[in-house]
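> Handing you a structure now.
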Amino acid sequence: MAWRSHGVSNDDLIQQLWRNQLITDERVRDAFLKVDRAHYAPTHPYSDSPQSIGHAATISAPHMHASAIERLLSYLLPTARNPAPRVLDIGSGSGYLTHVMAELVGPRGTVLGIEHVPQLRDLAEANMRKSAEGTALLESGRVRFRVGDGRKGWVEPDGERRAEEEQQDAATVTSRGEGWDVIHVGAAAVTMHPELVEQLRAPGRMFIPVNDDDAGGGGGGERVGQHIWAVDKDENGKVEKKRLFAVRYVPLTDGPGER
Ligand code: SAH
Numbered sequence: 001m002a003w004r005s006h007g008v009s010n011d012d013l014i015q016q017l018w019r020n021q022l023i024t025d026e027r028v029r030d031a032f033l034k035v036d037r038a039h040y041a042p043t044h045p046y047s048d049s050p051q052s053i054g055h056a057a058t059i060s061a062p063h064m065h066a067s068a069i070e071r072l073l074s075y076l077l078p079t080a081r082n083p084a085p086r087v088l089d090i091g092s093g094s095g096y097l098t099h100v101m102a103e104l105v106g107p108r109g110t111v112l113g114i115e116h117v118p119q120l121r122d123l124a125e126a127n128m129r130k131s132a133e134g135t136a137l138l139e140s141g142r143v144r145f146r147v148g149d150g151r152k153g154w155v156e157p158d159g160e161r162r163a164e165e166e167q168q169d170a171a172t173v174t175s176r177g178e179g180w181d182v183i184h185v186g187a188a189a190v191t192m193h194p195e196l197v198e199q200l201r202a203p204g205r206m207f208i209p210v211n212d213d214d215a216g217g218g219g220g221g222e223r224v225g226q227h228i229w230a231v232d233k234d235e236n237g238k239v240e241k242k243r244l245f246a247v248r249y250v251p252l253t254d255g256p257g258e259r
């Protein structure tokens, strides 16, 4: 199914993902329909494949983005208890998924993309400015892009939180802490970085590709595989990690100045 959802237009691509049951929820479909992948993928935007965006980065394939959003959906949507979901998109690259997630978090939600290549941070912002909707999301503060090492997550510097968010019911904010309802990681981690698990709210969910320990224990320089993990933190702070499926993501690495 994956890789077979090529389209001739954005609507067609999303319909193919729907027909192939890679998208199964109408709210996910509608969010993807709102974001033209051509604003983010410089080549073959409606093909179900990853495309290079420069700086050793790729925009992931549409079926991977679909799978991530399907699994994160219930944590992305605003609820009476949590009207302003906070989302962290680590390795935001093209900015595509950051935009799609912003379509789901509601008017009071926020999505922060972290990128360690400054040019890609700027690219994501420029990509969003190609549409009126993307521009409005940036201007309202619902979407922000920052340069940083995503392996450490992101702690908001004082005064950086969205003003509107500050006006939320004070009790909700204090009881849930800062942290993130959703952490999406768009590059493969060598380990389940503890800072990321700590920064998850309770409840919260992280979607993260992680290198396998040693490609099945064979040793001898075998290429290490990767799997997506869903890390759930329940209301009581109990963490459960589930290995979902095998993937191939570019690595989460040291920044351009540190290699
Ligand atoms: N979700 C993005 C994926 C881009 S590829 C998209 O679909 O467009 C992965 C991205 O992770 C690259 O842009 C890369 O520069 C970034 N990255 C790698 N290591 C990182 C780190 N330690 N901190 C922040 N970003 C990182």
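Numbering (full-length UniProt numbering), first residue to last: 1 to 259.
All residues carry an ideal CB built from backbone N, CA and C; glycine is no exception.
Bear in mind that the values here come from a model prediction, so they are computed numbers and not experimental data.
By DSSP, does Glu198 sit in helix, in strand, or in coil?
Numbered from 1 along the sequence shown, position 198 holds the residue referred to as residue 198. Helix, per DSSP.
> By Cβ distance, which residues of its chain are closer than 6 Å to Gly7, with the 5 residues on each side in sequence left out?
The residue you call residue 7 lines up with position 7 of the sequence shown. Same-chain partners within the cutoff: Leu13, Gln16, Tyr46.
> Can you give the beta carbon distance from Gly186 to Phe145, rounded, assuming they're within the 8 Å contact cut?
One-based indexing of the sequence shown puts residue 186 at position 186. One-based indexing of the sequence shown puts residue 145 at position 145. Incorrect: roughly 13 Å between the Cβ atoms, too far for contact.
> Short of 6 Å in beta carbon distance, which residues of its chain neighbour Lys242, apart from the five on each side in sequence? Order them along the chain.
Taking the first residue of the sequence shown as 1, we reach residue 242 at position 242. The answer, listed in chain order, is Ala230.
> Suppose you measure from the CA of Gly225 to the CA of Val247; what does that come to, to the nearest Å?
What you label residue 225 is simply residue 225 of the sequence shown in a count that begins at 1. What you label residue 247 is simply residue 247 of the sequence shown in a count that begins at 1. In a straight line, the C-alpha of Gly225 is about 8 Å away from that of Val247.
> What are the partner residues of Ser52, as DSSP defines its beta bridges?
On the sequence shown, position 52 is the one that residue 52 refers to. Partner(s): Thr58.
> What's the call for Glu115, buried or exposed, on a 16-neighbour Cβ count within 10 Å?
Counting from one through the sequence shown, the residue named residue 115 turns up at place 115. Looking at its Cβ environment, which holds 16 or more other Cβ atoms inside 10 Å, Glu115 is buried.
> Since Met128 and His99 should fall inside the 8 Å C-beta cutoff, what is the C-beta to C-beta distance between them, to a whole number of angstroms?
On the sequence shown, position 128 is the one that residue 128 refers to. On the sequence shown, position 99 is the one that residue 99 refers to. Right, their Cβ atoms sit about 6 Å apart.
> DSSP three-state label for Asn127, please.
Here residue 127 refers to the residue found at position 127 of the sequence shown. Looking at Asn127 - three-state DSSP - the assignment turns out to be helix.
> Once you ignore the five residues that flank Val173 on each side, which residues in its own chain have a CB closer than 6 Å to its CB?
For the purposes of this step, residue 173 is taken as the residue at position 173 of the sequence shown. Note that Val173 scores 43 on pLDDT, short of 50, meaning its location in the model is unreliable and no value can be drawn from it.
> Per DSSP, which one or two residues make a beta bridge with Asp89?
Walking along the sequence shown from the start, residue 89 turns up at place 89. In DSSP, Asp89 forms a bridge with Gly113, His184.
> Using 10 angstroms around the beta-carbon of His184, count the other beta-carbons present and answer buried if the total reaches 16, otherwise exposed.
Against the sequence shown, residue 184 aligns to sequence position 184. The residue is buried, with at least 16 neighbouring Cβ atoms inside 10 Å.
> The beta strand (DSSP E) spanning Arg37 covers which residue range?
Start at 1 with the first residue of the sequence shown, and residue 37 comes out as number 37. Looking at the DSSP string, Arg37 is not in any beta strand (DSSP E), and its letter there is neither H nor E.
> What residue range is occupied by the uninterrupted beta strand (DSSP E) comprising Val28?
Within the sequence shown, the letter at position 28 stands for residue 28. Segment 26-33 is the alpha helix (DSSP H) holding Val28; no beta strand (DSSP E) there.
> Assuming Leu244 is part of the beta strand (DSSP E), what are its boundary residues?
Taking the first residue of the sequence shown as position 1, residue 244 is located at position 244. Element bounds for Leu244: 239-247.
> Can you tell me the Cα-Cα spacing of Gly179 and Val35, whole angstroms?
Taking the first residue of the sequence shown as position 1, residue 179 is located at position 179. Taking the first residue of the sequence shown as position 1, residue 35 is located at position 35. Taking the straight line joining both Cα atoms gives about 27 Å.
> What are the partner residues of Asn211, as DSSP defines its beta bridges?
Counting from 1 along the sequence shown, the entry for residue 211 is found at position 211. Answer by DSSP bridge pairing, in chain order: Gln226.
> Taking a contact to mean a Cβ-Cβ separation below 8 Å, would you say Val239 touches His227 in this structure?
Against the sequence shown, residue 239 aligns to sequence position 239. Against the sequence shown, residue 227 aligns to sequence position 227. No, the pair does not count as a contact, with Cβ atoms beyond the cut-off.
> Measuring alpha carbon to alpha carbon, tell me which of Ala202, Ser5, Lys152 ends up nearest Gly255.
Taking the first residue of the sequence shown as position 1, residue 255 is located at position 255. It is Lys152 whose Cα lies nearest to the Cα of Gly255.
> I'd like the span of the beta strand (DSSP E) that includes Arg144, first residue to last.
Sequence index remark: in the sequence shown, residue 144 carries index 144 (1-based). 143-147 is the extent of the beta strand (DSSP E) around Arg144.
> Thinking C-beta only, is Arg37 closer than 8 Å to Tyr96?
As a working mapping, residue 96 is identified with position 96 in the sequence shown. As a working mapping, residue 37 is identified with position 37 in the sequence shown. Closer than 8 Å, so yes.
> May I ask you to check if the CB of Gly7 is nearer than 7 Å to at least one heavy atom of the ligand SAH?
Position 7 of the sequence shown, counting from 1, holds the residue named residue 7. Incorrect: Gly7 has no Cβ contact closer than 7 Å to the ligand SAH.
> Of all Cβ atoms in chain D, is any one closer than 8 Å to the Cβ of Asn211?
Protein chains in the displayed structure number just one, and chain D is not present.
> Does the beta-carbon of Glu103 have 16 or more other beta-carbons within 10 angstroms, so that it is buried, or is it exposed?
Looking up residue 103 in the sequence shown gives position 103. Classification of Glu103: buried, given that the 10 Å Cβ count is 16 or more.
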